[in-house]
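Numbering (the working numbering), first residue to last: 39 to 431. Beta carbons: idealized from backbone N, C-alpha and C, even for Gly. Predicted model, so just to flag it, every value in this text is computed and none were measured. Presented below is the structure to which this report refers.
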């Protein structure tokens, strides 16, 4: 049977690995040796799941979207990660990594963020745990996600606007890595998605796998079986998608369909659809599909969604796409906006712009009437309200 999980040396097929500066080698190697024994320990699991239940509010509901189901001719369930504390799936990972950082003796936390949800989640857990936190965020994203910036500052985090590049997620990640290189001994870098050097893609996927673990139990209760016919999610770096599919990756009964940010269109230069237009390269410590020039210079991505505005995709999703296990379709800005307004008006749920990309897949697919579809609403749309209002239909 085909397996799509990570190999012992940190690769998904030919993607992944750990390509890091020498100064970070010991830090990354220590993490690689330590993360699985810590994550699998009874003490960690007990504290982690207690916080997920009592602090985050898990399990998140699996909601049957009746009117959307009628519109698209299937049995559509929405996995409501938008109802988590802090408003997205990011808190699942932030809690786990900061518990891990404490066990490794780290005293300071840094993070990168695009839409701000990972930054808010990290700042939230640092406030809970009494740890200092610095969040790197592209200056453009600081402007377009102003409310999340204010939330991070209220929580006590230092928000560092990054002015280089196109001032978005890639540039925030660059700056966070520079900080990490300067403070490798006492600083833990909480990466927000399934990107970066091994073991981060696997670490984040494992922490987010609580999503698919809950889907299995919830579908058993609602449909009398633990698997859906189709799973759907948006993919940028890939954490909510990885969490959604984790327990189904090797289950051939389950179709996986993911949406990446088409921006103004894959035929234009204004896109972030790295799986559809990228080539193999090295970015932020990992071999992945990257938007780059012929001589290896990173091309600036574009998406209306700050959380998907990244020139690459994590190695797990690169492997699933290249092997044909997952279908990855580009969704343009206008399609995502239209999908957001549709969900809002049919079901009374305002989704994040990232999640709206997954919702925009629904009219692109022909479903059977009895087909059970689970789509992850990765975050809520409060942070994107100004953008939505500018495009009100």
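If I follow the unbroken alpha helix (DSSP H) through residue 356, where does it start and stop? First-last of the alpha helix (DSSP H) with residue 356: 353-361.
Should the region 357-375 be called in touch with the region 225-237, which here means at least 3 C-beta pairs below 8 Å? The region 357-375 vs the region 225-237: no contact.
CA-to-CA distance, residue 303 to residue 339, given in whole angstroms: Approximately 12 Å between the Cα atoms of the pair.
DSSP three-state call for residue 59: helix, strand or coil? Here residue 59 sits in coil by DSSP.
To the nearest angstrom, report how far apart residue 105 and residue 424 are at their CA atoms. Take the alpha-carbon of residue 105 and the one of residue 424: they are about 26 Å apart.
In chain order, what are the residue ranges of uninterrupted alpha helix (DSSP H) at least 4 long that sit wholly in the region 402-430? Qualifying alpha helix (DSSP H) stretches, in chain order: 423-428.
Would you give the residue range spanned by the beta strand (DSSP E) that residue 268 belongs to? It spans 268-272 - the beta strand (DSSP E) in which residue 268 sits, taken as one unbroken run.
How many Å lie between residue 317 and residue 308 at the Cα? When rounded, the separation of the alpha-carbon atoms in residue 317 and residue 308 is 16 Å.
Restricting to Cα atoms, I'd like to know which of 406, 66, 273 is closest to residue 415. Among 406, 66, 273, the Cα nearest to that of residue 415 is on 273.
Would you kindly check if the distance between the Cβ of residue 235 and the Cβ of residue 323 is under 9 Å? Closer than 9 Å, so yes.
CB of residue 389 within 9 Å of CB of residue 378, strictly: Against a cut-off of 9 Å, the Cβ pair of residue 378 and residue 389 comes out as a contact.
For residue 312, does the three-state DSSP call read helix, strand or coil? It is helical.
For residue 115 and residue 121, the rounded distance between their alpha carbons: Those two C-alpha atoms are separated by around 15 Å.
Under DSSP, the alpha helix (DSSP H) around residue 319 begins and ends at which residues? No alpha helix (DSSP H) holds residue 319; the beta strand (DSSP E) holding it covers 317-321.
I want to see whether chain B comes within less than 9 Å of residue 207, judged by CB atoms only; does it? Structure shown: chain B not included; a single protein chain is present.
Quick one: using the 10 Å Cβ neighbour count with 16 as the cut-off for buried, is residue 192 buried or exposed? Per the 10 Å Cβ criterion, exposed.
Cβ-based burial, residue 39 [other Cβ within 10 Å; buried from 16]: Below a pLDDT of 50, predicted positions are generally treated as unreliable, and residue 39, at 48, falls in that range; the measurement from the model is reported next regardless. By the neighbour-count rule (16 or more Cβ atoms within 10 Å), residue 39 is not buried but exposed.
For residue 340: DSSP bridge partner residues: Note: residue 340 sits in no beta bridge, so no partner.
Among the residues of its own chain, which have a CB less than 6 Å from the CB of residue 53, if the five just before and after it don't count? Cβ within range, chain order: 325, 326, 353, 356, 357.
Where do the N-terminal and C-terminal ends of the beta strand (DSSP E) with residue 151 fall, by residue? Unbroken beta strand (DSSP E) run through residue 151: 146-151.
Residue nearest to residue 419 in terms of C-alpha spacing, selected from 359, 361, 399, 382: For the set 359, 361, 399, 382, the Cα lying nearest the Cα of residue 419 is the one of 382.
Do you know offhand how far residue 59's Cα is from residue 194's? Between residue 59 and residue 194, the alpha-carbon positions lie close to 30 Å from each other.
Would you call residue 278 buried or exposed, if buried means 16 or more other Cβ atoms sit within 10 Å of its Cβ? The Cβ neighbour count for residue 278, taken over all protein chains shown within 10 Å, is at least 16; the residue is labelled buried.
Where does the unbroken beta strand (DSSP E) through residue 304 begin, and where does it stop? Here residue 304 belongs to no beta strand (DSSP E), and DSSP marks it neither H nor E.
How far does the beta strand (DSSP E) with residue 118 in it reach, from first residue to last? From DSSP, the beta strand (DSSP E) with residue 118 extends over 113-118.
Smallest Cα separation from residue 144: which of 131, 126, 169? The shortest CA-to-CA distance from residue 144 to any of 131, 126, 169 is the one to 169.
Comparing C-alpha positions only, which one of 294, 135, 218, 349 sits nearest to residue 335? Just measuring C-alpha positions, the residue of 294, 135, 218, 349 sitting nearest residue 335 is 349.
Could you pull the start and end residues of the beta strand (DSSP E) that residue 328 belongs to? Here the beta strand (DSSP E) through residue 328 covers 324-328.
Which whole-angstrom value is the C-beta distance of residue 297 and residue 398, which I expect to be below 8 Å? Sure, about 6 Å apart at Cβ, within 8 Å.
Residue range of the unbroken alpha helix (DSSP H) whose run includes residue 78: Unbroken run through residue 78: none, as it is neither H nor E.
Across which residues does DSSP place residue 229 in a beta bridge pair? Residue pairing for residue 229: DSSP places it in no beta bridge.
Taking the continuous beta strand (DSSP E) assigned at residue 367, which residues delimit it? 364-370 is the extent of the beta strand (DSSP E) around residue 367.
Can you tell which of 225, 395, 262 has the C-alpha that lies nearest to the C-alpha of residue 146? When each option's Cα is compared against that of residue 146, the closest is 225.
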